[in-house]
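For the sequence shown, our numbering begins at 2 and goes up steadily by one. Only one structure is covered here, and it is reproduced in the block below.
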Amino acid sequence: MAIDFLTEARALYDDLVATRRDLHMHPELGFQEVRTARIVAERLGALGYEIVTGIGKTGVVGLLAGEQPGTRTVLLRFDMDALPIEEENDVPYRSQSPGVMHACGHDGHVAIGLGVAALLARQRAAFGGTIKLMFQPAEEGLGGARAMIADGVLEGPHVDTALGLHVWSGFDTGTAVVRSGALMAAADTFEIEVHGRGGHAAHPEQAVDAVLVAAQIVVALQTVVARNLSPTEAGVVTVGVLQAGTAHNIIAERARLRGSIRSFNEATRALLHRRVAELATGVAAAHGASAEVHIAGCVDPTVNAPAPTAAVYAAASSVLGAAAINTSYCTTGGEDFSAVLAQVPGNFFFLGARDEARGLSYPHHSPRFDFDERCMPQGVAILCDAALRCLAAE
Ligand SMILES: [Zn+2]
Ligand SMILES: [Zn+2]
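Okay, here's the thing in structure tokens:
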């Protein structure tokens, strides 16, 4: 591509770092991104974007029309929310909000988004069609993407292609993961309520022990992936919560299990849901108890479409070099941008952000998470380049 976005993005480096650190010091939880949204709206307005605020509660949309002829609209999405974690990093830009931290890198996403906004505003004469920036609240399990979709972010103008990225502490700075098909998993939750019959610890023959039944259900659920799923398919069933009982001398009447189900396609997803429910109710019945099972589909798999993925691959190759692009990695983590990709063809990619030598390699959601800020100009350049490629596509 004729425009050297990487050189332009590198010139923004100090501003990207300052923006990211300011956001890092002032993290806001999902649907509470009031300060962040205000900063985004002010900056987009100053750059000449048409702005709509209050989309999906605290979301912000920025629109920019190119000066060449063109009818396509490309959406670029950046999530804004932080997590309920107390930061343990001792850095000058440490979180100033007790118990709240940008531990997933969304502060970097907002900074990258504002960098993209600045560079594309300068290049209006170079493209046709519309750039739509989606600054999204509440990615971390609260449904921010769905809230913005419900408020019409994919229409007016209709979005043809959607792009997004995540800084990724599992890969070195200077690399990226760009993959067609499923990049991230569906993340669903289940809750199982076991109903037994309470009684005296000394008289088990008069009771139905919900603790014993729950324990057998935990073990049985581990057979779903091991024995029901094809070895060539991936899936996870995790029991994260097991609660029962009140005293050592009482047989518990009830027990509660909660957990997570991960899968990469709808067939596997349906199989795992069905077997979790069958095993829980079947094991309970075998012991004279009963089980109520609730499974909630929370996050769809993040599935990348071929053409937008080819555009991002070409952009990432021109910025980082083809040898730096991994096309096979995928993760059982979930991402709510999947709700956008379920409706619009697009691509979500990982931007390497690890620098082991400087200790920037803690996992996402760790109280020690931080990322290598040198990845930010690369993210800006890749998204700008890819967006223009998608606008130019037939
Ligand atoms: Zn996260
Ligand atoms: Zn995240």
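Where a beta carbon is used, it is the ideal one built from N, C-alpha and C, also for glycine. Given the structure is predicted, the values throughout are model-derived calculations rather than measurements.
- Non-local C-beta neighbours of GLY199 in its own chain, meaning closer than 7 Å and more than five positions away in sequence, comprise ALA208, ILE251, ILE252, ALA253 and GLU254, ordered along the chain.
- In this model, ARG22 and VAL41 are separated by some 14 Å (Cα to Cα).
- Rounded to whole angstroms, the separation of the alpha carbons of ASP371 and ASP82 is 15 Å.
- Those residues having their beta-carbon less than 6 Å away from any non-hydrogen atom of ligand 1 are, in chain order, CYS105, GLU141, HIS365 and HIS366.
- Here the alpha carbon of GLN97 sits roughly 15 Å from the alpha carbon of ALA19.
- Three or more Cβ pairs closer than 8 Å define a contact, and the region 161-171 meets that threshold against the region 335-353.
- CA-CA distance, GLU34 to PRO138, rounds to 7 Å.
- A straight-line Cα-Cα distance of about 9 Å links ALA216 and LEU243.
- A straight-line Cα-Cα distance of about 28 Å links GLU206 and ARG259.
- Around the beta carbon of SER170, 16 or more other beta carbons lie within 10 angstroms, which makes this residue buried.
- Nearest to CYS105 by alpha-carbon distance, out of ARG147, GLU141 and ALA177, is GLU141.
- Exposure of ARG39 is indicated by the presence of fewer than 16 other C-beta atoms within 10 angstroms of its C-beta.
- Assignment of beta-bridge partners to GLY60 by DSSP yields ILE56.
- DSSP places GLY283 inside the alpha helix (DSSP H), whose first and last residues are 267-287.
- Sequence-distant Cβ neighbours of ARG125 in its own chain, meaning closer than 6 Å and more than five residues away, are GLY67 and GLU68.
- Non-local C-beta neighbours of HIS288 in its own chain, meaning closer than 6 Å and more than five positions away in sequence, comprise VAL214, ordered along the chain.
- The alpha-carbon separation between GLU374 and ASN90 amounts to approximately 15 Å.
- A check of alpha carbon separations from ALA245 across TYR314, ARG276, GLU194 and LEU273 identifies GLU194 as the nearest.
- CA-CA distance, THR72 to ARG11, rounds to 30 Å.
- Counting the other CB atoms within 10 Å of its CB gives GLU87 a total below 16, which places it among the exposed residues.
- In this structure, ALA308 lies away from PRO368, with their beta-carbon atoms at least 8 Å apart.
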